[in-house]
Every structure is written in C-alpha cells, then in structure tokens.
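J.: Input: one structure, supplied below.
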Amino acid sequence: MSITSRRVLPLAAIVALLALPATANAGDHGPVVRAAGHLADLQPATAGPFDGATAAFQIVASAQGSHGVLRVKGIDASADGATFGAHLHSGPCVAGNGAAALGHYNTDVLAGTTPPEVSEDTEMWLDITVEDGAATATASVPFVPVPGTRSVVVHAMETDHHTGAAGARLACLPVVW
Ligand SMILES: [Cu+2]
Numbered sequence: 034m035s036i037t038s039r040r041v042l043p044l045a046a047i048v049a050l051l052a053l054p055a056t057a058n059a060g061d062h063g064p065v066v067r068a069a070g071h072l073a074d075l076q077p078a079t080a081g082p083f084d085g086a087t088a089a090f091q092i093v094a095s096a097q098g099s100h101g102v103l104r105v106k107g108i109d110a111s112a113d114g115a116t117f118g119a120h121l122h123s124g125p126c127v128a129g130n131g132a133a134a135l136g137h138y139n140t141d142v143l144a145g146t147t148p149p150e151v152s153e154d155t156e157m158w159l160d161i162t163v164e165d166g167a168a169t170a171t172a173s174v175p176f177v178p179v180p181g182t183r184s185v186v187v188h189a190m191e192t193d194h195h196t197g198a199a200g201a202r203l204a205c206l207p208v209v210w
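The letter at position 79 of the sequence shown is residue 112 when you use our numbering, and the numbering goes up by one with no holes.
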C-alpha cells in the first residue's frame, strides 16, 4: 500500500477512518458516505490496469470540512509505479460511459460562481500511485460534499494542478448517498 504525494494523514489515521462505522454521528462530524466494490470499466473495448480492481472510498466530515480516503486493490502489475488521477465527480458511475460521470464535484460550480476555481480547495482530488497492485490516496477539503448520485473516476494520467485535467476516464466507483 502506498500513499500519494498528498500525505495528509498518517497510515494509522487512514486505517482508523476506514474502520469507522457506517452510521452517522451526532452533529456535522463523522462518516458522510462509504462505497466499495469492483471498479466499473469505462474503457471496455481496451484492456486496462483497473479491469480487475476493487476500491473502497469514504468521506468523513470534520470541523474543517471533510476527508476523503480512496483505496484501490487488484490493479494490474503493469501499472506499478504509475500515478493516476482520481476525483470525486458530480455524476453517476455508468460502465462504458465515462461522460455520464459529468464534471468534477466542484463547490464553485454548484454555487454558480463564474469562473469556477479549479483546485484542491473546490474539488476532491485523490490521485493514486500504484505499488504492488494497490494504492491509497487521501484528500482534505474545506467543504463537505452534498448528497447525490456521484462517482469516483480514475483517469489515465495524473491530475494537472492548474486545469484539473487527468486524461481519459478509465474506471469508476459509484458513490451514492
Ligand atoms: Cu476526474
């Protein structure tokens, strides 16, 4: 298991987060959503490193906003050492239809602010670097995503921190609450 360059939480904290119960706590703190399962293939016509992968994702609200934790396992060995962009998207995860996931979950877009700021403060970026077929990423953001039929999308390239772009959409995990 590796942690990406966004070393926000120590490994012990990640393990603790993932062990939290699914039930909501009092107030604004505590688990927001948990999701786990096989990644849906957004490029079914071509073999990709995430075709046999599973993922677990959780958002936990905190006093400062929220933390996202993404774990991916079962990634093909050919991807070891590579970094892939991953983000919370505002739309659903539909196998074979990457466009269905719509754009990144972005607080400025939701608020109607134009032009929207595209950054790790307005979006939840969870780029993963693969090691031994697995990867973990965390993101701390100053907002709590609002419920919806959403998804985590894994892309072909690491995230460009100026534009948020990360190349083709390879796979996704449904995140619905
Ligand atoms: Cu994305």
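Ideal placement from N, C-alpha and C gives every residue a C-beta, glycine not left out.
1. Just to confirm the assignment, what range does the beta strand (DSSP E) spanning Ala272 have?
2. Report, in whole angstroms, the separation of the C-beta atoms of Asp160 and Thr196, which I expect to be a contact under 8 Å.
3. Taking the alpha carbon of Gln97 as the reference point, which residue from Arg67, Leu143, Ala172 and Val105 has its own alpha carbon closest?
4. Spell out the partners DSSP gives Ala68 in its beta bridges.
5. Based on the DSSP output, what are the partners of Asp113 in its beta bridges?
6. What residue range does the beta strand (DSSP E) around Thr169 cover?
7. Roughly how many angstroms lie between the CA atoms of Ala59 and Asp109, to the nearest whole one?
T.: Let me spell this out:
1. With the chain covering only 34 through 210, there is no way to say anything about residue 272.
2. About 14 Å separates the Cβ atoms of Asp160 and Thr196, ruling out a contact at the 8 Å cut-off.
3. Of the listed residues, the one whose Cα sits closest to Gln97 is Ala172.
4. BP columns for Ala68 point to Phe90.
5. None; Asp113 has no bridge partner.
6. The continuous beta strand (DSSP E) containing Thr169 extends over residues Ala168 to Val174.
7. At Ala59, the pLDDT of 42 sits below 50, so the modelled position is not reliable; the number obtained from the coordinates is stated separately. Approximately 40 Å, taken between the alpha carbons.
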